[in-house]
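One structure is given below, encoded as structure tokens.
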Amino acid sequence: MLIQARSYNADFGDFDDHLDPLLKRIYLARGILDSAALERKLSCLPAPAVMQGIPAAVALLVRALSEQQRILIVGDFDADGATSSALMVLALTAMGCQQVDFLVPNRFDYGYGLTPEIVDLAVDKKPDVIITVDNGISSIEGVAHANKLGIEVIVTDHHLPGASLPDAAAIVNPNQPGCDFPTKNLAGVGVAFYLLSALRAELRKQDWFTQQQISEPNMATWLDLVALGTVADVVPLDQVNRALVYQGLMRIRAGQCRPGIQALLTIAGKSPQRLVATDLGFAIGPRLNAAGRLDDISLGIQCLLTNDPQQAMYSAQQLDELNQDRKLIEQGMQREALAIVEKIPLSLDGEVPVALCLFQPEWHQGVVGLLASRIKEKYNRPVVAFARGDGGQLKGSSRSIPGLHIRDALDAVATQSPGLITKFGGHAMAAGLSLDEDKLAEFEKAFQLQVEKTLGADDLLARMVTDGELESVQLSINTAQLLRDAGPWGQQFPEPCFEGLFQIKQQRIVGEKHLKLVLAHASEPNRSIDGICFNVDIDQWPNHRAETVRCVYRLDINEYRGLEKLQLLIQFIEATD
1085 MLIQARSYNA DFGDFDDHLD PLLKRIYLAR GILDSAALER KLSCLPAPAV
1135 MQGIPAAVAL LVRALSEQQR ILIVGDFDAD GATSSALMVL ALTAMGCQQV
1185 DFLVPNRFDY GYGLTPEIVD LAVDKKPDVI ITVDNGISSI EGVAHANKLG
1235 IEVIVTDHHL PGASLPDAAA IVNPNQPGCD FPTKNLAGVG VAFYLLSALR
1285 AELRKQDWFT QQQISEPNMA TWLDLVALGT VADVVPLDQV NRALVYQGLM
1335 RIRAGQCRPG IQALLTIAGK SPQRLVATDL GFAIGPRLNA AGRLDDISLG
1385 IQCLLTNDPQ QAMYSAQQLD ELNQDRKLIE QGMQREALAI VEKIPLSLDG
1435 EVPVALCLFQ PEWHQGVVGL LASRIKEKYN RPVVAFARGD GGQLKGSSRS
1485 IPGLHIRDAL DAVATQSPGL ITKFGGHAMA AGLSLDEDKL AEFEKAFQLQ
1535 VEKTLGADDL LARMVTDGEL ESVQLSINTA QLLRDAGPWG QQFPEPCFEG
1585 LFQIKQQRIV GEKHLKLVLA HASEPNRSID GICFNVDIDQ WPNHRAETVR
1635 CVYRLDINEY RGLEKLQLLI QFIEATD
């Protein structure tokens, strides 16, 4: 493991004179050069009208509302899709839509996106307008089928488009060609929020709310949903997304969140008042995602939609049970995947191949994405994990490493080998695909060749990037709180982590595989600091021969029985003696 500190130029930056020097160093290392880039107020957000497709979509929705047309939301089966669907239903209802419903295809029966089969299923609800959320940019056939049936389609999506766009009545996607919206990193729920904000502004302009004798909704009411979907979808936290997430977190901390989110927090044992962005990603998101992975994401959407705290808690408990099932399934698949990798012939340098393609017939379609992520983390290789679908097809989910844009890599494979991949789509770091089972070996070879063209030996070296060392005096609750308040942290705006040498005073295993430590900073041996390292190799730890360790860690505040204490969350540990 190569550990290196982020580089920054201490002479750069136009920050407030009162900014803590540690924060300045951290911000500079993340490319933030002035205080304006740290602004988290909603007023700093770019105007919705800048996003291509919003004016056309708003005009269609104004007409749909004035004529009380039936609107059907077609979402995706993950947390981003669930929050997007709930947001659309709640906001359109608050704006006076009397006939709005949602439909999310079961991933195992219908696959992803607005397919012709989903349109046929939607016909039972007799929609006049279909709005896709978190999908649709690649649904060329589905949109064409809807058009043929006389159903208008508004596509709202954030995924990268292919060579052709669907013939929708309006397309709202900052990543579509010709869109000048300043950020391309919105999650699906962020795109939906922007469209709905523009719709509310137009309805206000037309005096709609007064005419209908309804209260004009405050869009900030649903920022808890926007924050959850944005963090759970692991999109880059640029300034726009940081502002959206921060404002959503502030509402949750103030107790102004959906009953479903409150219930999920209770189930996860998280205090709303102390909530941080990572809690949304690691505690709430997986419970929502479990419904889409194993069963039907509609359960998660209903949890977010209900205004009844008791019903919300019941739904949250069901989601938690599904998540426990998911964990067991994933653990079994991970053991099998590791066994497969161990049998792969190594290179002359003793390395695994530059890319890994894994398949077992019994693997669960809904969990292969998580499996790919776990194997990628262990071997620092791009990974595609496949499960068996219907009709001789394999359903694959891929995860990448820095340096390889996974969707572009799949596009290159599809271009060089026409017909090899049935369909694909996704982002830079994650993508999905389908192919015929008898073409798996051909795909594996083509994919590895493409990765070899893109990545060098240096890219394949596992790294941990830190913010350098902290002085002993900086190891404090005050510093931990300073860093917590400076967020939200997340994808491409990583939470600060540090490295340093520590003496071991105590070490023991808790919870079967977690290493609990009492440490002392090398420069202050008489002061004890708690630390914990999750999921250690219990064949190596505890290591009672080790007196000094090198750690990569984050600062955390551990609260127990009302008392707060500094704790190091250790991400990497190695003995130095």
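The sequence shown begins at 1085 in the numbering used here and counts up by one.
Beta carbons are placed, not taken as given, at the ideal position from N, Cα and C, and that holds for glycine.
Item checked: Alpha-carbon spacing of Val1535 relative to Ala1141, whole angstroms -> By one-based count along the sequence shown, residue 1535 stands at place 451. By one-based count along the sequence shown, residue 1141 stands at place 57. Rounded to the nearest angstrom, the two C-alpha atoms are 39 Å apart.
Notebook entry, point to check: Expressed to the nearest angstrom, what Euclidean distance is found between the alpha-carbon atoms of Asp1614 and Ala1148?
Noted result: To locate residue 1614, count along the sequence shown from 1; it is residue 530. To locate residue 1148, count along the sequence shown from 1; it is residue 64. Rounded to the nearest whole angstrom, the CA to CA distance from Asp1614 to Ala1148 is 59 Å.
Next item on the list: Below 7 Å CB to CB, which residues in the same chain sit around Ile1298 once its five sequence neighbours on both sides are set aside?
Entry: Along the sequence shown, one-based indexing puts residue 1298 at 214. Answer for Ile1298: Gly1180, listed in chain order.
Next item on the list: Determine which residues share a DSSP beta bridge with Phe1470 and list them.
Entry: Here residue 1470 refers to the residue found at position 386 when the sequence shown is read from its first residue. DSSP output for Phe1470 lists Phe1443 and Gly1480 as bridge partner(s).
Item checked: Buried versus exposed call for Met1397 [16 or more other C-beta atoms within 10 Å across all chains shown] -> On the sequence shown, residue 1397 is found 313 positions in, with the first residue counted as 1. So Met1397 ends up on the buried side.
Margin query: Just to confirm before moving on: does the CB-CB distance between Leu1205 and Ser1223 stay below 7 Å?
Written below: If you number the sequence shown from 1, residue 1205 lands on position 121. If you number the sequence shown from 1, residue 1223 lands on position 139. It is not a contact, given that the beta carbons lie outside the stated cut-off.
Notebook entry, point to check: When you compare each of Gly1339, Leu1359, Ile1368 and Cys1341 to Ala1352 by their alpha carbons, which one comes out closest?
Noted result: Taking the first residue of the sequence shown as position 1, residue 1352 is located at position 268. Closest by C-alpha distance to Ala1352, out of Gly1339, Leu1359, Ile1368 and Cys1341, is Ile1368.
Next item on the list: Just tell me which of Val1633, Leu1567 and Glu1583 has its CA closest to the CA of Ile1110.
Entry: Position 26 of the sequence shown holds residue 1110. Distance from the Cα of Ile1110 is smallest, within the candidate group Val1633, Leu1567 and Glu1583, for Leu1567.
Margin query: Residues in the same chain with beta-carbon distance under 8 Å from Leu1144, minus the five sequence neighbours each way, listed in chain order, please.
Written below: For this step, residue 1144 is matched to residue 60 along the sequence shown. Result list for Leu1144: Val1213, Glu1236, Ile1238, Ala1253 and Ala1254, in chain order.
Check: What does DSSP give as the partner residues of Thr1550 in its beta bridges?
Finding: In the sequence shown, the residue the question calls residue 1550 occupies position 466. Looking at the DSSP assignment, Thr1550 forms a beta bridge with Ala1089.
Notebook entry, point to check: What's the call for His1102, buried or exposed, on a 16-neighbour Cβ count within 10 Å?
Noted result: Reading the sequence shown from its first residue, position 18 is the one you call residue 1102. So His1102 ends up on the exposed side.
Checklist line | Helix, strand or coil at Asp1218 according to DSSP, with G and I counted as helix | finding: Within the sequence shown, numbered from 1, the residue matching residue 1218 stands at position 134. Coil.
Next item on the list: Quick one: grab the DSSP three-state call for Asp1661.
Entry: For this step, residue 1661 is matched to residue 577 along the sequence shown. Asp1661: coil per DSSP, three-state reduction.
Check: Just the Cα atoms here: how many angstroms apart are Leu1389 and Cys1341?
Finding: Within the sequence shown, the letter at position 305 stands for residue 1389. Within the sequence shown, the letter at position 257 stands for residue 1341. Straight across, the Cα-Cα distance linking Leu1389 with Cys1341 is about 11 Å.
Note to self: For a quick check, are the C-beta atoms of Glu1300 and Val1146 less than 7 Å apart?
What the structure shows: Start at 1 with the first residue of the sequence shown, and residue 1300 comes out as number 216. Start at 1 with the first residue of the sequence shown, and residue 1146 comes out as number 62. Their beta carbons are not under 7 Å apart, which means Glu1300 does not touch Val1146 by this criterion.
Item checked: Proximal residues to Ala1089 (C-beta, below 6 Å), its chain only, five neighbours per side dropped -> The residue labelled residue 1089 in the question sits at position 5 within the sequence shown. A distance below 6 Å between beta-carbons, with the five flanking residues on each side excluded, links Ala1089 to the following residues of its chain, in chain order: Thr1550 and Gly1552.
Check: Of all the options Pro1572, Ile1490 and Thr1563, which has the alpha carbon lying nearest to the alpha carbon of Lys1537?
Finding: In the sequence shown, residue 1537 corresponds to position 453, counting from 1. That would be Ile1490, whose Cα lies nearest to the Cα of Lys1537.
Next item on the list: Check whether the segment 1580-1593 touches the segment 1618-1635, counting contact only when three or more Cβ pairs, one atom from each stretch, lie closer than 8 Å.
Entry: Counting Cβ pairs under 8 Å, three or more are found: they touch.
Notebook entry, point to check: What is the DSSP secondary structure of Asn1407, counted as helix, strand or coil?
Noted result: Residue mapping note: residue 1407 aligns to position 323 of the sequence shown, counting from 1. DSSP places Asn1407 in helix when its eight states are reduced to three.
Margin query: Our contact map puts Leu1454 next to Glu1414 with C-beta atoms below 8 Å; I'd like the distance itself, whole angstroms only.
Written below: Translated into the one-based positions of the sequence shown, residue 1454 becomes position 370. Translated into the one-based positions of the sequence shown, residue 1414 becomes position 330. The pair is a contact, with the Cβ atoms about 5 Å apart (cut-off 8 Å).
Next item on the list: Write down the C-beta distance between Glu1555 and Arg1638 rounded to the nearest angstrom, noting that I regard them as a contact closer than 8 Å.
Entry: If you number the sequence shown from 1, residue 1555 lands on position 471. If you number the sequence shown from 1, residue 1638 lands on position 554. About 16 Å; that fails the 8 Å criterion.
Notebook entry, point to check: In the structure shown, what three-state DSSP assignment does Asp1212 receive?
Noted result: Locating residue 1212 in the sequence shown gives position 128, counting from the first residue. The three-state reading of DSSP puts Asp1212 in coil, since its state is none of H, G, I, E or B.
Notebook entry, point to check: With a cut-off of 8 Å, do at least 3 Cβ pairs link the segment 1429-1444 to the segment 1468-1475?
Noted result: Result yes; three or more Cβ-Cβ pairs closer than 8 Å.
Note to self: Short of 6 Å in beta carbon distance, which residues of its chain neighbour Ile1657, apart from the five on each side in sequence? Order them along the chain.
What the structure shows: Taking the first residue of the sequence shown as 1, we reach residue 1657 at position 573. Counting only Cβ-Cβ distances below 6 Å, and skipping sequence neighbours, we find Cys1617, Val1633 and Cys1635.
Notebook entry, point to check: Comparing alpha-carbon positions, which option in Thr1305, Val1324 and Phe1366 lies nearest Ala1338?
Noted result: In the sequence shown, residue 1338 corresponds to position 254, counting from 1. It is Thr1305 whose Cα lies nearest to the Cα of Ala1338.
Notebook entry, point to check: Do you know how far the Cα of Leu1599 is from the Cα of Glu1521?
Noted result: Start at 1 with the first residue of the sequence shown, and residue 1521 comes out as number 437. Start at 1 with the first residue of the sequence shown, and residue 1599 comes out as number 515. One C-alpha to the other measures close to 42 Å.
Item checked: Which residues DSSP lists as bridging Glu1648, in chain order -> Locating residue 1648 in the sequence shown gives position 564, where the first residue counts as 1. For Glu1648, which the question treats as bridged, DSSP gives the partners Glu1643.
Check: With respect to the alpha helix (DSSP H) encompassing Gln1331, which residues constitute its N-terminal and C-terminal limits?
Finding: Here residue 1331 corresponds to residue number 247 of the sequence shown, with the count starting at 1. Taken as a continuous stretch (DSSP letters only), the alpha helix (DSSP H) holding Gln1331 covers Gln1323 to Arg1337.
Checklist line | Spatial neighbours of Ile1381 in its chain, beta-carbon cut-off 6 Å, leaving aside the 5 residues before and after | finding: Residue 1381 sits at position 297 when you count from the first residue of the sequence shown. Only Phe1161, Ala1166, Val1188 and Ala1375 meet the Cβ criterion.
Checklist line | Span of the beta strand (DSSP E), counted from its first residue to its last, around Lys1232 | finding: The residue you call residue 1232 lines up with position 148 of the sequence shown. No beta strand (DSSP E) contains Lys1232, which is instead part of the alpha helix (DSSP H) from Ile1224 to Lys1232.
Check: How would you label Glu1643, buried or exposed, when you count the other beta carbons within 10 angstroms and need 16 or more for buried?
Finding: Numbered from its first residue, the sequence shown carries residue 1643 at position 559. The residue in question, Glu1643, is exposed, as its Cβ has fewer than 16 Cβ neighbours within 10 Å.
Note to self: So for Tyr1637, helix, strand or coil by DSSP?
What the structure shows: In the sequence shown, the residue the question calls residue 1637 occupies position 553. Of the three classes helix, strand and coil, the one that applies to Tyr1637 here is strand, per DSSP.
Checklist line | Same chain, Cβ closer than 8 Å to Val1256, neighbours up to 5 away in sequence not counted | finding: Numbered from 1 along the sequence shown, position 172 holds the residue referred to as residue 1256. Taking Val1256 as the centre and dropping the five residues before and after it, the same chain places the C-beta of Met1135, Gln1136, Gly1137, Ile1138, Ala1141, Ile1238, Val1239, Thr1240, Asp1241, Val1275, Tyr1278 and Leu1279 closer than 8 Å to its C-beta, in chain order.
Next item on the list: Please list, in chain order, all residues of the same chain as Val1318 whose beta carbon is under 6 Å from its beta carbon, the five residues on each side excluded.
Entry: Locating residue 1318 in the sequence shown gives position 234, where the first residue counts as 1. Apart from sequence neighbours up to five positions away, the residues of its chain that approach Val1318 with a beta-carbon distance below 6 Å are Gln1575, ordered along the chain.
Check: Where are the alpha helix (DSSP H) runs, 4 residues long or more, that stay fully inside the segment 1289-1324, in chain order?
Finding: 1292-1296 and 1307-1316, all fully within the segment 1289-1324.
Check: Exposed or buried, Val1360, counting other C-beta atoms within 10 Å across all chains shown (16 or more means buried)?
Finding: For the purposes of this step, residue 1360 is identified with residue 276 of the sequence shown, where counting begins at 1. Flag for Val1360 reads buried.
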